[in-house]
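Numbering (our numbering), first residue to last: 21 to 326.
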């Protein structure tokens, strides 16, 4: 079992400098994994452009030096997929379509996998065919600070010990999946755009019988880009998407709770007000995709949300 069993997929837009660093780090891994870069309609030199993703307005990001295409060109083992219309988080789906290995690992353009992380993930997935997703640990910045999410995953109340605690969430830049499970769950939703997209994929994986587990040996490094969506705006979009996820998958009490929470914030918080309006506009499309979770899985989500 080696890293050649795992392909890394990166979705990126207008961050050539960060992407170059990430590709350097990933290409230095031994064995070197195949890499698929999805250019999400960059305007930094690629001949593609398009509207914001369906999840609402995308962040304004100053273009990094160079272009996405030029950054990828000439790198062995790195394939470029160009999108003409912005997809947000769902851009990763186009990358997974090119994967020919049994496992796929996601990186952001400002994150990369630690040495041996992909090898360890492949070993675990090979030994546990019921596991569809491994949620890794994240170390942030040059100080290697543990991301607070690590402790939440480690201390999950859902039980499970082998290969690790059961979870119903993960960070997109620290997930390794069985490709068959990813396709089984339908990939990332095109409705959400940015924010909380991992929650819906986790729910759909679990609803189809796949286990999601955390394992601390599967480590990703995240050096956050300075070209990021403002924190308050991201929180508002996540609240919007949590409401849409509730409309698509959850029962009445959770739908009402998410709607009430976003409406309360919208009274005095302009980003939340815009997010609420966007959610109401998208609600018919969300309801058209409604597929309520099994009762047992709903109870597991309720336990996490207490």
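Cβ atoms here follow ideal geometry from the backbone N, Cα and C, with glycine treated the same way.
From the options, residue whose alpha carbon lies closest to that of residue i
| i | options | result |
| --- | --- | --- |
| residue 177 | 188, 277, 183 | 188 |
| residue 49 | 26, 58, 60 | 26 |
| residue 208 | 261, 286, 297, 320 | 261 |
| residue 275 | 172, 303, 57 | 303 |
| residue 244 | 235, 255, 167 | 167 |
| residue 202 | 184, 185, 223 | 223 |
| residue 92 | 174, 107, 46, 175 | 46 |
| residue 62 | 248, 103, 315, 235 | 103 |
| residue 114 | 184, 249, 59, 172 | 59 |
| residue 273 | 239, 43, 318 | 318 |
| residue 300 | 156, 155, 41, 263 | 263 |
| residue 191 | 239, 226, 204 | 239 |
| residue 325 | 295, 158, 282, 277 | 277 |
| residue 195 | 234, 94, 180, 320 | 234 |
| residue 34 | 257, 248, 292 | 248 |
| residue 64 | 291, 87, 211, 40 | 87 |
| residue 237 | 51, 120, 141 | 141 |
| residue 54 | 95, 253, 143, 40 | 95 |
| residue 216 | 258, 254, 250 | 258 |
| residue 41 | 133, 251, 171 | 133 |
Three-state secondary structure (DSSP) of residue i
| i | result |
| --- | --- |
| residue 25 | helix |
| residue 75 | Low local confidence applies: a pLDDT of 45 at residue 75 is under 50, so the model's placement there is unreliable, with the coordinate-based value given in what follows. In the structure shown, residue 75 sits in coil (DSSP, three-state: anything other than H, G, I, E or B). |
| residue 237 | strand |
| residue 211 | coil |
| residue 121 | coil |
| residue 95 | coil |
| residue 106 | coil |
| residue 311 | coil |
| residue 44 | helix |
| residue 49 | coil |
| residue 152 | strand |
| residue 228 | coil |
| residue 293 | helix |
| residue 264 | helix |
| residue 129 | coil |
| residue 216 | coil |
| residue 322 | helix |
| residue 70 | The predicted position of residue 70 is uncertain, since its pLDDT is 37 and thus under 50; no value can be drawn from it. |
| residue 305 | helix |
| residue 255 | helix |
| residue 146 | helix |
| residue 166 | strand |
| residue 299 | helix |
| residue 242 | strand |
| residue 200 | helix |
| residue 181 | coil |
| residue 58 | strand |
Nearest-angstrom Cβ-Cβ length linking residue i and residue j, presumed shorter than 8 Å
| i | j | result |
| --- | --- | --- |
| residue 20 | residue 197 | The first residue shown for the chain is 21 and the last is 326, placing residue 20 beyond what the model contains. |
| residue 138 | residue 125 | 6 Å |
| residue 174 | residue 183 | In fact, because the Cβ distance is near 13 Å, the residues do not count as touching under 8 Å. |
| residue 193 | residue 169 | Wrong, their Cβ atoms sit about 11 Å apart, outside the cutoff. |
| residue 213 | residue 108 | 4 Å |
| residue 256 | residue 292 | 5 Å |
| residue 52 | residue 97 | 6 Å |
| residue 89 | residue 100 | 6 Å |
| residue 296 | residue 282 | 5 Å |
Per-residue burial, residue i [other beta carbons within 10 Å of its own, 16 or more giving buried]
| i | result |
| --- | --- |
| residue 161 | exposed |
| residue 284 | exposed |
| residue 322 | exposed |
| residue 71 | At residue 71, the pLDDT of 37 sits below 50, so the modelled position is not reliable and the matter cannot be decided from this model. |
| residue 200 | exposed |
| residue 164 | exposed |
| residue 117 | exposed |
| residue 80 | Unreliable positioning characterises residue 80 in this predicted model, as indicated by a pLDDT of 36, which lies under 50. The coordinate reading is nonetheless provided below. Exposed, since its Cβ has fewer than 16 Cβ neighbours within 10 Å. |
| residue 171 | exposed |
Short CB-CB distance (under 8 Å) between residue i and chain B
| i | result |
| --- | --- |
| residue 106 | This model lacks chain B altogether; it includes just one protein chain. |
Count the C-beta pairs between the region 119 to 137 and the region 25 to 38 that are closer than 8 Å, then say yes if the count reaches three, no if not.
-> yes
May I ask you to verify whether the region 145 to 159 touches the region 224 to 235, counting CB pairs closer than 8 Å and requiring at least 3?
-> yes
Taking contact to mean at least 3 C-beta pairs separated by less than 8 Å, is the region 306 to 314 in contact with the region 262 to 270?
-> yes
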